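Numbering (the UniProt record's numbering), first residue to last: 1 to 268.
Comments concern the structure below.
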């Protein structure tokens, strides 16, 4: 029965499918179908072809490949190179951005990943953050911080005791292969720049690099769905202190202390 079911699924996935159905399949296959197939690796080609379609299909296809790699021992060495290629500034404006960063966090959750690989993702995210919309920075900054918490050896990217020349950044932003980007030899100066951001919450979040890293990771999940509307809602709900508009308490139109107008005019 399992073999027959597997044959039916493989045959079905080879058909030309409507875009909406195709997208739904990419979401549900990894958890609801793949584990029950006779040979889960038979859907590898389907996920690879889906990645080549680009856009949201690429991300959801990587989720399927991730499941095959970790549960069914698929040998796919280019996985993180494919994920790295999806890190582009345009992702901040996509409808699927919440799912993208949620899954990217899952893909990078292992502490057994090479430090140089994680450094490339942290550095590229930091570089993208310089031109990212404010709502995206509310989860990108703690995301970068979590990568450093998982890989303590990367603390040199925010606190390098050596006398390395900081005026030259060795990071190669054009390098498609994360293993060759030289990010581990770079610094996260972008976060220092964000400490001067006009939004006080963002500037405050970026200051985590000035202190010792915490043991626990930051939870930024509730920020993933947010946009400008969410930021405005939070700003309106926040309580602000009343700011004085004068040095002295106003007691009338004229006759104010140290007021030049009252010296030049009188109502008498």
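Idealized CB from N, CA, C, for every residue including glycine.
Every value quoted in this text rests on a predicted model; they were computed, and no experiment measured them.
Test item: CB-CB of residue i and residue j under 7 Å
i: residue 86; j: residue 58; result: yes
i: residue 26; j: residue 60; result: yes
i: residue 213; j: residue 148; result: yes
i: residue 151; j: residue 118; result: yes
i: residue 40; j: residue 79; result: no
i: residue 145; j: residue 198; result: no
i: residue 13; j: residue 46; result: yes
Straight-line gap, residue i to residue j (C-alpha atoms, nearest Å)
i: residue 21; j: residue 225; result: 24 Å
i: residue 233; j: residue 66; result: 36 Å
i: residue 172; j: residue 33; result: 40 Å
i: residue 111; j: residue 43; result: 28 Å
i: residue 114; j: residue 74; result: 19 Å
i: residue 134; j: residue 7; result: 48 Å
i: residue 220; j: residue 143; result: 7 Å
i: residue 153; j: residue 192; result: 19 Å
i: residue 216; j: residue 201; result: 20 Å
i: residue 23; j: residue 161; result: 48 Å
Same chain, Cβ closer than 6 Å to residue i, five either side skipped, listed in chain order
i: residue 84; result: 178
i: residue 185; result: 170
i: residue 103; result: 63
i: residue 209; result: 158 and 191
Secondary structure of residue i, DSSP reduced to three states
i: residue 216; result: coil
i: residue 37; result: coil
i: residue 145; result: helix
i: residue 114; result: coil
i: residue 278; result: Any answer about residue 278 is impossible in this case: the structure gives the chain only from 1 up to 268.
i: residue 132; result: coil
i: residue 9; result: helix
i: residue 53; result: coil
i: residue 158; result: coil
i: residue 294; result: Past the edges of the chain, shown from 1 to 268, lies residue 294, and the structure says nothing about it.
i: residue 84; result: helix
i: residue 181; result: coil
i: residue 153; result: helix
Neighbourhood of residue i by C-beta distance below 7 Å, restricted to the same chain and skipping five residues each side
i: residue 242; result: none
i: residue 55; result: none
Same chain, Cβ closer than 8 Å to residue i, neighbours up to 5 away in sequence not counted
i: residue 92; result: 128, 132, 133 and 136
Contact test: residue i Cβ vs the ligand NAD heavy atom, cutoff 6 Å
i: residue 183; result: In the structure on display, the ligand NAD does not appear, and there are no ligands present to speak of.
Would you be able to state if there are at least three C-beta pairs under 8 Å between the stretch 112 to 125 and the stretch 146 to 160?
-> At 8 Å Cβ cutoff, the stretches touch.
Evaluate the contact criterion for the stretch 131 to 139 versus the stretch 167 to 174: three or more CB pairs, one atom per stretch, below 8 Å.
-> No, because fewer than three Cβ pairs between the stretch 131 to 139 and the stretch 167 to 174 fall closer than 8 Å, the two stretches do not touch.
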